[in-house]
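Remarks on the structure that follows.
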Amino acid sequence: MILIPAREPFSFVAAARSHGWCRLAPFAWDDEHQELTRIEQLESGPVVRLRMAGAKGGVAVEVESAVEFTEAGLAQVREKVSWMLRLDEDFSEFHALCRTEAALAQVVEKKQGRLLRSPTLFEDVVKTILTTNTTWSQTKGMVARLVEMLSQPFSLDPAAHVFPTPAQIAPVDEEFLTQQVRLGYRSSYVLELARRVASGELDLESWKHTDMETDKLRRQLKALKGVGDYAAANLLMLLGRYDCLAVDSWARKVIGQRFFPGKERVSDREIAAVFDRWGKWKFLAYWFYKWET
DNA sequence: TTCCAGGGGTAGA
DNA sequence: TCTACCCATGGA
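Oh and the first sequence: position 59 is 59 in this note's numbering, straight run, nothing missing.
Laid out in structure tokens, this is it:
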């Protein structure tokens, strides 16, 4: 068991359950034990299961493994968990703003702000593409099949698999992704992305720590096939940049009802403008906004 | 059968 | 920059 410290204020449960990602393979959320698990391959080789739970001052992580893993492996676990749960991120400015808005008062109390993400940007781009123009239950199915069919299992629990790497997806036929994994027209997007990353042409992971201006990064994300305005904003959120709103059917519905009652046509521009005053915290203000009051 | 879901690409204006 | 149209999948 290792303890990874988090910047205060921190709530493990608030971070882990912040959005649907904790329900997408190879993540799993255990309601009874308030535990987040994830199958992960360490760069040194072994496939392990990480069991993450809240602990005083941070996150307690248990690493299940069939083989011994090295000190370097342990360092990777710390780095991955820290990235996934944003343990070092500073939300003090956002929390100060939340104190000025009744619909966001609970954010401070519940220590919200952190949104769960995958260890790699590749995984988050694929998952984001698989949320577009479909239902949540179909997204879960697509991700589950992708994980189960294309990657190696965890030896202590063969039903559990890691998320496939670009190199594992790249050689697959598009027809397989369409017919078996049932990604629909998203197949070509996922395949092109995997091939570009696997070949080294596209270095997605470097975008995790770039100081590139947000608008330029947004244009780069949108240049990926399958990534439009919604997906780009969602990915910027995952990268820790909250100044774009991901306008999807849910946002149109709740923002439309609350701020444009009775108006028949509300443009995406108008929807996004509602949260303009939140500046760099726009996405979080929208995400944690208490709609039912 | 038809509609639509946490949209995106493309063509054409 | 905006709009119309097409794109697959499966549940309601």
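We treat Cβ as the ideally placed atom computed from N, Cα and C, and that holds for glycine.
Starting from residue i and walking both ways along the alpha helix (DSSP H), at which residues does that stretch end?
i, result
"Ala-144", "136-150"
"Thr-178", "174-179"
"Pro-166", "166-169"
"His-95", "92-98"
"Asp-211", "Segment: none, Asp-211 is in no alpha helix (DSSP H) and carries neither H nor E."
"Ala-75", "71-85"
Measure the alpha-carbon distance for residue i versus residue j and round it to whole angstroms.
i, j, result
"Ala-66", "Leu-156", "7 Å"
"Val-126", "Ser-82", "21 Å"
"Ser-206", "Met-1", "30 Å"
"Leu-358", "Thr-210", "Lying outside 1 to 293, the shown extent of the chain, residue 358 is not represented and no answer is given."
"Gly-45", "Leu-224", "30 Å"
"Arg-196", "Glu-264", "42 Å"
"Arg-117", "Ala-60", "18 Å"
"Ser-137", "Val-143", "10 Å"
"Tyr-294", "Ala-251", "The displayed coordinates of the chain run from 1 to 293. Any statement about residue 294 would go beyond what the structure contains."
"Ala-246", "Trp-278", "14 Å"
"Phe-275", "Asp-268", "12 Å"
"Leu-50", "Leu-238", "21 Å"
"Leu-202", "Gln-220", "11 Å"
"Ala-96", "Tyr-286", "16 Å"
"Leu-236", "Leu-42", "26 Å"
Start and end of the beta strand (DSSP E) containing residue i?
i, result
"Val-48", "47-55"
"Asp-30", "27-30"
"Gln-106", "Premise fails: Gln-106 lies in the alpha helix (DSSP H), 105-109, not in any beta strand (DSSP E)."
"Gln-41", "35-41"
"Val-247", "Here Val-247 belongs to no beta strand (DSSP E), and DSSP marks it neither H nor E."
"Glu-64", "58-65"
Closest to residue i by CA distance: which of the options is it?
i, options, result
"Pro-158", "Pro-26, Ile-4, Glu-35, Lys-80", "Pro-26"
"Asp-215", "Arg-241, Arg-145, Gly-73, Arg-258", "Arg-241"
"Arg-108", "Ser-92, Glu-148, Val-48, Leu-115", "Note that residue 108 is Val in the sequence shown here, rather than Arg. Considering only alpha carbons, the answer is Ser-92."
"Val-147", "Glu-292, Leu-24, Ile-4", "Leu-24"
"Glu-64", "Thr-37, Leu-115, Leu-85", "Thr-37"
"Leu-3", "Trp-29, Gly-262, Asn-234, Leu-74", "Leu-74"
"Glu-8", "Phe-69, His-33, Glu-89, Met-84", "Glu-89"
"Tyr-189", "Leu-238, Lys-253, Met-237, Phe-122", "Phe-122"
"Ala-14", "Val-48, Leu-115, Lys-208, Ala-55", "Leu-115"
"Gly-184", "Arg-145, Leu-204, Lys-208", "Arg-145"
Should residue i be labelled buried (16 or more other beta-carbon atoms within 10 Å of its own) or exposed?
i, result
"Asp-31", "exposed"
"Gly-113", "buried"
"Gln-76", "buried"
"Asp-299", "Residue 299 cannot be examined here, being either before or after the span of the chain that is shown, 1 to 293."
"Met-52", "buried"
"Ser-199", "exposed"
"Asn-194", "The residue you asked about is not Asn; residue 194 is Ala in the sequence shown. Buried, by the Cβ-count rule."
"Asn-133", "exposed"
"Ala-272", "buried"
"Pro-166", "buried"
"Met-212", "exposed"
"Ala-16", "buried"
"Gly-228", "exposed"
"Gly-54", "buried"
"Ser-249", "exposed"
"Arg-258", "exposed"
Take residue i and list the residues in its own chain whose beta-carbon comes closer than 7 Å to its own, dropping the five residues that flank it on each side.
i, result
"Lys-80", "Glu-40, Pro-119"
"Phe-94", "Gly-113, Trp-281, Leu-284"
"Cys-98", "Leu-104, Ala-105, Val-107, Val-108"
"Arg-186", "Ile-129, Leu-130, Gly-226"
"Ser-151", "His-161, Val-162, Phe-163, Pro-164, Gln-168"
"Asn-234", "Thr-128, Ala-246"
"Lys-111", "Pro-9, Phe-10, Ser-11, Ala-14"
Near residue i, which residues of its chain fall below 8 Å by C-beta distance, leaving aside the five closest residues on each side in sequence?
i, result
"Phe-260", "Val-266, Glu-270"
Excluding five sequence neighbours on each side, which residues of the same chain lie with their C-beta closer than 6 Å to the C-beta of residue i?
i, result
"Lys-290", "Ala-103"
"Thr-131", "Thr-139"
"Ala-6", "Gly-58, Leu-87"
"Pro-153", "His-161"
"Lys-222", "Ala-232"
"Gly-256", "Val-266"
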